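Protein chains in written order, with my numbering: chain A, 16 to 167; chain B, 37 to 548.
Beta carbons: idealized from backbone N, C-alpha and C, even for Gly.
It should be emphasised that the depicted structure is a prediction, and the values quoted were computed from it without experimental measurement.
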Amino acid sequence: MQHEFKFAGDTVEVTVARDSQTWHLGDLECQIMADGRLKLTVNGVTKFAHSTKVGDVWWVHIDGHVFCIEKTEAGSNDDDSQGGMIAPMPGKIIDVLVEQGQSVTAGDLLLVMEAMKMEHRIVANVDGVIGVLKLKAGDQVQQGDVLVEISE
Amino acid sequence: MQTGNLDLVKYMVSTVLVANRGEIACRILRACSEAGLNSVAIYANNDKESMFVELATKSVELVGETIGETYLDQQQILDIAAKHGADAIHPGFGFLSERADFARAVLEAGITWIGPSPLAIEMMGDKMTARKTMKAAGVPVIPGEEIDFEDETKMIEAIVQASTRVGYPLLLKASSGGGGKGMRKVENPDNLVESIKGARREAIAAFGDGRVYIERMLTGSKHVEIQVLADTHGRVIHLGERECSVQRRHQKVFEESPCPVMTTDLREKMGKAAVMAAKAVNYEGAGTVEFLLDSTGEFFFLEMNTRIQVEHPVTEMVTGIDLVREQLRIAAGKPMSCGQLMMRGHAIEVRLYAEDASNNFLPAIGPLAVFRPPTGPGIRLDTGVREGDMVTPNYDPMLAKLIVWAPSRAEALQRMRRALDDFVVLGTTTNLRFLRELCDHEDVVSGATDTTMIERIWPNGWSPQFSSEILNAALMVAGVSESAGLHNVQATQSSADDGPPSPFQSLTRRYP
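Below, the structure written as structure tokens:
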């Protein structure tokens with residue numbers, strides 16, 4: 016079976032084949048255990064992985080690492096408006112340091128917001144120009160709100 | 037109803053109200069149960085499913101929405117204590133634990149306060165007063181100056197003047213501060229005024245008190261604190277040290293006892309200073325005197341925390357003393373049960389936070405879809421959550437404290453690595469991997485830890501290191517899980533109305 020995933024911004028196609036109780040991907044082999052864990056051999060060492068899906072994201076724990084792997088529909092190209100800066104959690108805007116139309120470079124401080132009584136600095140993730148910016152100091156934002164758009 | 041421990045009942049403590057939530061509420065409620073005491077838990081509506089609520093003899097819901105209307109509502113808590121026959125209140129840490137006005141109100145209501153006197157809390161809680169008190173008691177303090185202005189303009193003027201005497205880099209600290217709030221590191225004069233404003237703003241928001249003072253930033257020093265215990269029979273002792281140098285955003289993440297560079301001589305000196313500090317404010321109960329220890333072995337008073345501390349388990353593991361149990365004994369008027377100080381082996385605690393260590397340690401939220409702590413000899417987990425709980429932005433993002441004990445430091449580190457590798461948390465981003473990589477860093481391995489090491493090791497932020505083999509295996513696990521339809525958790529956890537929207541919509545975004 017072929018699946019399209021997104022990991023760390025990259026689209027990855029994963030094709031797994033099943034042969035009785037064993038799944039294959041290249042020379043990797045994997046079995047599903049009775050308790051839902053997955054048993055596989057990496058570099059000759061047996062590992063037991065946990066996985067769970069929340070929303071569209073598979074959370075995978077293997078060998079002390081956690082990976083968040085998003086299931087995407089093959090062919091769809093929902094490029095996440097790469098310059099959108101999203102409120103990481105509900106909070107209050109403390110300071111707005113940029114204006115609409117201003118050019119910024121990645122790493123520039125754009126906004127200061129307060130959440131959980133700590134100040135968080137929102138900095139530009141790309142070089143570009145600030146798009147529509149309606150926020151001002153004192154505004155409350157919800158998690159997932161677009162704080163500022165940057166067009167490249 | 038439990039029959040109660042006769043020894044404790046005799047001294048008028050039979051029912052303890054725990055004015056806290058989460059992990060520390062669980063810790064205290066269990067200690068009450070073990071001491072044969074009845075307990076009352078109080079909880080806000082958004083905590084009604086939380087673990088601590090299940091651990092009390094009786095649990096009472098607080099009326100109100102915000103933290104101010106619930107866990108910080110002194111009158112409501114006192115009313116509940118009266119109504120449900122609580123004759124003692126344990127404040128835990130955070131919330132009302134260092135509020136002298138609350139301690140006073142508790143005592144005035146005829147209820148035992150499990151902690152030091154309101155006066156001791158006041159003297160240590162105001163950092164500028166504490167500095168002055170310690171100087172008077174002969175305890176060394178960090179070079180710096182108290183600033184006696186509340187007005188912003190005058191404060192800025194006074195700090196700018198003081199800065200030339202104190203020197204750079206320096207630290208601005210809120211006089212009512214704690215937990216890194218209202219604190220700013222200033223590297224050079226260019227950022228001073230902006231930093232003063234930021235510190236003051238944060239201090240006003242967090243504590244309602246914008247007073248800020250100035251201290252020299254002692255770079256490369258260790259954070260070493262001494263646990264003290266004082267009873268009402270005149271005995272004041274110390275229980276050795278904890279080193280908590282490894283901090284991010286001024287919050288501790290990795291704590292251990294003993295301190296790797298401690299000597300018997302230095303422990304005696306620091307212990308003596310800590311006991312002097314406690315005696316200077318007629319301390320009662322469990323407290324912690326924090327010091328900065330520089331590379332020459334000189335140490336300076338930082339502050340005293342007048343409550344049980346987050347990292348108290350490492351002291352418990354190496355001394356064998358149950359600090360919360362001792363708090364209960366002391367509050368009941370009994371002499372402490374500790375004999376001569378005996379430290380055995382090595383203990384390490386790490387704090388598991390719901391946060392994105394690869395993104396400036398930003399707090400994270402989400403479901404604890406899988407939560408499987410490690411087990412085995414020498415492993416202790418203090419937590420207030422279990423699998424299926426939601427991590428919300430309502431409270432502190434600390435999920436658990438993982439503590440290990442082993443005969444030596446090297447073995448304790450090995451045990452911690454194994455425990456962290458075995459700890460499975462899925463559904464919410466945590467700092468587990470960050471902690472795991474920390475355990476491999478040469479400065480942690482050698483014990484050369486200092487308070488600025490995280491910024492030094494990862495000046496541009498941390499990001500996880502993994503091999504392509506592990507990533508490929510993880511992708512295969514996702515592919516097989518998807519094909520087999522494993523563990524399909526509904527995205528909409530149809531729980532509390534204030535439940536946050538799924539955080540996963542933003543997973544691929546970056547907030548550097």
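Own chain residues within Cβ distance below 8 Å of residue i, not counting five before or after
i: Val-229 (chain B); result: Ile-192 and Val-196
i: Asp-94 (chain A); result: For Asp-94 (chain A), the predicted structure reports a pLDDT of 46, less than 50, and the residue's modelled location is therefore unreliable. A value from the coordinates is still provided. So no residue of the chain qualifies.
i: Gln-46 (chain A); result: Gln-36, Thr-37, Trp-38, Leu-53, Lys-54 and Leu-55
i: Gln-450 (chain B); result: Ala-442
i: Ser-293 (chain B); result: Gly-276, Glu-277, Arg-278, Glu-279, Val-350, Thr-351, Met-353, Val-354, Met-379, His-382 and Ala-383
Contact list for residue i against chain A, beta-carbon separation under 8 Å
i: Met-512 (chain B); result: Val-29, Val-31, Trp-38, Leu-40, Leu-43, Cys-45 and Leu-55
i: Ala-405 (chain B); result: Thr-67, Val-69 and Trp-74
Alpha-carbon to alpha-carbon, residue j and residue i
i: Glu-186 (chain B); j: Arg-247 (chain B); result: 5 Å
i: Val-222 (chain B); j: Pro-403 (chain B); result: 38 Å
i: Gln-17 (chain A); j: Gly-41 (chain A); result: 13 Å
i: Lys-168 (chain B); j: Ser-231 (chain B); result: 24 Å
i: Pro-371 (chain B); j: Glu-362 (chain B); result: 9 Å
i: Gln-97 (chain A); j: Arg-140 (chain B); result: Legend: pLDDT at Gln-97 (chain A) = 46, less than 50; position of this residue unreliable, value from coordinates given subsequently. Computed Cα separation, rounded: 55 Å.
i: Thr-428 (chain B); j: Thr-465 (chain B); result: 12 Å
i: Leu-207 (chain B); j: Arg-63 (chain B); result: 34 Å
i: Gln-376 (chain B); j: Leu-364 (chain B); result: 20 Å
i: Leu-108 (chain B); j: Ala-316 (chain B); result: 29 Å
i: Arg-422 (chain B); j: Gln-110 (chain B); result: 29 Å
i: Arg-416 (chain B); j: Ala-455 (chain B); result: 10 Å
i: Ala-118 (chain B); j: Asp-137 (chain B); result: 18 Å
i: Arg-303 (chain B); j: Arg-271 (chain B); result: 19 Å
i: Val-119 (chain A); j: Lys-149 (chain A); result: 17 Å
i: Ala-64 (chain A); j: Leu-125 (chain A); result: 40 Å
i: Ala-509 (chain B); j: Ser-519 (chain B); result: 15 Å
i: Gly-146 (chain A); j: Gln-287 (chain B); result: 36 Å
i: Arg-289 (chain B); j: Ala-242 (chain B); result: Note that residue 289 (chain B) is Val in the sequence shown, not Arg. Cα-Cα distance, rounded: 21 Å.
i: Arg-453 (chain B); j: Asn-140 (chain A); result: 33 Å
i: Ser-212 (chain B); j: Ala-173 (chain B); result: 21 Å
i: Thr-61 (chain A); j: Gln-501 (chain B); result: 20 Å
i: Leu-507 (chain B); j: Lys-151 (chain A); result: 41 Å
i: Val-460 (chain B); j: Asp-25 (chain A); result: 25 Å
i: Ser-331 (chain B); j: Glu-491 (chain B); result: 19 Å
i: Leu-162 (chain A); j: Glu-447 (chain B); result: 47 Å
i: Ala-266 (chain B); j: Val-75 (chain A); result: 48 Å
i: Ser-503 (chain B); j: Arg-284 (chain B); result: 26 Å
Cβ-based neighbour list, residue i, same chain, cut-off 7 Å, excluding 5 preceding and 5 following
i: Glu-144 (chain B); result: none
i: Pro-205 (chain B); result: Lys-221, Val-222, Glu-223, Met-253 and Thr-255
i: Gln-157 (chain A); result: Ala-102 and Pro-105
Chain-ordered chain A contacts of residue i [CB-CB under 7 Å]
i: Phe-502 (chain B); result: His-80
i: Glu-505 (chain B); result: Val-57 and Asn-58
i: Ala-520 (chain B); result: Ile-47
i: Cys-463 (chain B); result: Looking at the sequence provided, one finds Gly at residue 463 (chain B) rather than Cys. Chain A residues near Gly-463 (chain B): Thr-67, Val-69 and Trp-74.
i: Glu-238 (chain B); result: Glu-134
Same chain only: Cβ atoms within 6 Å of residue i, ignoring 5 sequence neighbours per side
i: Gly-309 (chain B); result: For clarity, residue 309 (chain B) is Ala in the given sequence; the question names Gly instead. The answer, listed in chain order, is Val-175.
i: Ile-240 (chain B); result: Gly-246
i: His-39 (chain A); result: Ala-32
i: Gly-307 (chain B); result: Ile-262 and His-274
i: Lys-107 (chain A); result: Glu-129 and Gln-155
i: Glu-114 (chain A); result: none
Cβ-Cβ distance between residue i and residue j below 8 Å
i: Phe-88 (chain B); j: Gly-58 (chain B); result: yes
i: Thr-342 (chain B); j: Pro-152 (chain B); result: yes
i: Gly-414 (chain B); j: Val-440 (chain B); result: yes
i: Ile-183 (chain B); j: Tyr-79 (chain B); result: no
i: Ile-552 (chain B); j: Leu-73 (chain B); result: The question about residue 552 (chain B) has no answer, for chain B in this structure spans 37 to 548.
i: Gly-122 (chain A); j: Val-138 (chain A); result: yes
i: Leu-132 (chain B); j: Ala-55 (chain B); result: yes
Per-residue contacts from residue i into chain B (C-beta, under 8 Å)
i: Ile-77 (chain A); result: Ile-506, Ala-509, Ala-510 and Val-513
i: Met-48 (chain A); result: Result: empty, since nearest Cβ-Cβ is about 11 Å, beyond 8 Å.
i: Ile-84 (chain A); result: Ala-510, Leu-511 and Ala-514
i: His-143 (chain A); result: Before going further, note that residue 143 (chain A) is Gly rather than His in the sequence given. Those within 8 Å of Gly-143 (chain A) in chain B number zero; the least Cβ separation is about 14 Å.
i: Lys-62 (chain A); result: Ala-509
Partner residues on chain B for residue i, Cβ-Cβ distance less than 7 Å
i: Gly-168 (chain A); result: A query on residue 168 (chain A) cannot be resolved here, the shown segment of chain A reaching from 16 to 167 and no further.
Where residue i meets chain A, residues with beta-carbon distance less than 9 Å
i: Gly-402 (chain B); result: Val-69
i: Pro-429 (chain B); result: Met-104, Pro-105, Gly-106, Ala-130, Met-131 and Gln-158
i: Val-480 (chain B); result: Chain A residues near Val-480 (chain B): none, gap ~16 Å exceeds 9 Å.
Report yes or no: do three or more beta-carbon pairs, one from the stretch 376-383 of chain B and one from the stretch 349-360 of chain B, lie closer than 8 Å?
Yes, the stretch 376-383 of chain B is in contact with the stretch 349-360 of chain B.
Whether or not the stretch 51-68 of chain B and the stretch 81-94 of chain B are in contact is what I'm after, with contact meaning three or more pairs of Cβ atoms, one per stretch, closer than 8 Å; do they touch?
Yes, since at least three Cβ pairs between the stretch 81-94 of chain B and the stretch 51-68 of chain B fall closer than 8 Å, the two stretches touch.
For the pair the stretch 326-345 of chain B and the stretch 251-268 of chain B, tell me if three or more CB-CB distances fall below 8 Å.
They touch, by the three-pair rule.
Counting Cβ pairs, one atom from each stretch, are 3 or more of them under 8 Å apart for the stretch 403-412 of chain B and the stretch 477-489 of chain B?
A contact between stretches requires three or more CB pairs, one per stretch, nearer than 8 Å, and the stretch 403-412 of chain B fails this requirement with the stretch 477-489 of chain B.
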